[in-house]
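With numbering that gives the first Met the number 0 applied, the sequence shown corresponds to residues 0 to 286, in that order.
Glycine included, every Cβ here is placed at the ideal spot set by N, Cα and C.
For reference, the structure is listed below as structure tokens.
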Amino acid sequence: MGNKGQAPLAAYIAFQLTELEGQLPLIAAADPEAVHNARLALRRLRSVLSCYRGMIPKLPRPAREEVSWLATSLGESRDAYVLAQRIRLSLDTKDSWKSPEAVRLAVEELEASSARLAAALGGHKRSKRTVRAARAALLEVPAAREYKHPTADLAERLQARWERLQHSLAEQAGSSDPEVRNAALHQARKDVKCLRYSVEAVADAFSHHASGVIQPAIGLQRLLGEQHDAVVAGEWIKELAKNPGIDAEDAQRLESMEVRRRLNAEEEFRMAIAEYPVPAPRRALIF
Numbered sequence: 000m001g002n003k004g005q006a007p008l009a010a011y012i013a014f015q016l017t018e019l020e021g022q023l024p025l026i027a028a029a030d031p032e033a034v035h036n037a038r039l040a041l042r043r044l045r046s047v048l049s050c051y052r053g054m055i056p057k058l059p060r061p062a063r064e065e066v067s068w069l070a071t072s073l074g075e076s077r078d079a080y081v082l083a084q085r086i087r088l089s090l091d092t093k094d095s096w097k098s099p100e101a102v103r104l105a106v107e108e109l110e111a112s113s114a115r116l117a118a119a120l121g122g123h124k125r126s127k128r129t130v131r132a133a134r135a136a137l138l139e140v141p142a143a144r145e146y147k148h149p150t151a152d153l154a155e156r157l158q159a160r161w162e163r164l165q166h167s168l169a170e171q172a173g174s175s176d177p178e179v180r181n182a183a184l185h186q187a188r189k190d191v192k193c194l195r196y197s198v199e200a201v202a203d204a205f206s207h208h209a210s211g212v213i214q215p216a217i218g219l220q221r222l223l224g225e226q227h228d229a230v231v232a233g234e235w236i237k238e239l240a241k242n243p244g245i246d247a248e249d250a251q252r253l254e255s256m257e258v259r260r261r262l263n264a265e266e267e268f269r270m271a272i273a274e275y276p277v278p279a280p281r282r283a284l285i286f
């Protein structure tokens, strides 16, 4: 693949690894923003590795397993923190609650568990080894073979990611089972992130045309993220309701809030996908 495709990929990979490595000391200090930044860098890195298989070196299996472990662990810490802030905002409304202190204690434990996991991760030798292993494996980005039409080859890879997204959306739209819909929307959320980050990694190869794919993907990612957060919050509240110190009415009100948020996000998503669909990369990027 010519430099038009190689150079952006190499720079993108190097930047994400540097960003990830630089966040580890802050994660050890339980900084939630550092957890978010590291998770984002890792997600961008994994998106590129997944989308451009064969064009860039493949991580050895041990390194892949370590990267997966770090991504999962960062996700657990971040999700607990975001959920805690979400429930705290609901508690801070002017409405009266019957068992506010019990709910606040549960929220504080969520925040504490997020901080404990972050501190353990940031100072863990395994985290540092994971980054070093990924850097060593990805030191040389140039592919084993040359590509005659680099932008066309990149667009074809992105087209495959786009088709996966469309499959998830079709599965969601065609099912009346809430669990199937939620699973399909969760997959669509991962697919649209991967598509967005994979386009961003090589945006220089497509000039301004890349924004035609990136911008609608950002909008859908936001709505699907809100839908997912509402689902996760609803599941946590159902467990919270089993706590003897939590008033049943409070648990019901919290759950109702998250149901409304989820339904609103799904409705906004349906409108957005109809009015501002992500165009097929093969059409949007190749002229």
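- For Ile-55, DSSP records a beta bridge to Arg-52.
- Here the C-alpha atom of Tyr-11 lies approximately 11 Å from the C-alpha atom of Asp-203.
- Per DSSP, reduced to three states, the secondary structure at Ser-46 is helical.
- Ala-182 and Leu-41 have their C-alpha atoms roughly 23 Å apart.
- A Cβ-Cβ separation of about 5 Å places Arg-77 in contact with Val-34 under the 8 Å criterion.
- For Ala-200, the CB contacts under 7 Å within the same chain, skipping 5 residues up- and downstream, are Pro-7, Leu-8, Tyr-11, Val-47 in chain order.
- The three-state secondary structure of Asn-36, taken from DSSP, is helix.
- For Ala-28, the secondary structure class from DSSP, reduced to helix, strand or coil, is coil.
- Separation of Ser-174 and Arg-125 (C-alpha to C-alpha, rounded to the nearest whole angstrom) is 42 Å.
- Closest option to Cys-50, judged by alpha-carbon separation, among Lys-241, Glu-257, Asp-190: Asp-190.
- Exposed is the label assigned to Thr-71, since fewer than 16 other Cβ atoms lie within 10 Å of its Cβ.
- For Trp-96, the three-state secondary structure derived from DSSP is coil.
- With distances taken between CA atoms, Met-270 lies nearest to Ala-172 out of Gln-158, Ala-172, Ala-279.
- When the Cα atoms are used, Ala-29 and Val-81 turn out to be separated by approximately 14 Å.
- Apart from the 5 residues on each side of it in sequence, Gln-226 sits with its Cβ closer than 7 Å to the Cβ of Leu-184, Arg-261, Ala-264, Glu-265, Phe-268 in its chain, given in chain order.
- Gly-121 and Arg-282 have their C-alpha atoms roughly 43 Å apart.
- Counting along the chain, no alpha helix (DSSP H) covers Ala-204, and no H or E run does either.
- A direct Cα-to-Cα measurement between Val-212 and Pro-24 gives close to 35 Å.
- Excluding five sequence positions before and after Ala-250, the CB atoms of its chain that fall closer than 7 Å to its own CB belong to Ile-236, Leu-239, Ala-240, given in chain order.
- Between Gly-218 and the set Arg-180, Lys-57, Leu-157, Leu-194, the nearest pair of CA atoms involves Leu-194.
- Take Ala-118, set aside five residues on each side of it, and the residues of its chain with a beta-carbon closer than 7 Å to its own are Ala-27, Ala-29, in chain order.
- One alpha carbon belongs to Ser-113, the other to His-123, and they sit about 15 Å apart.
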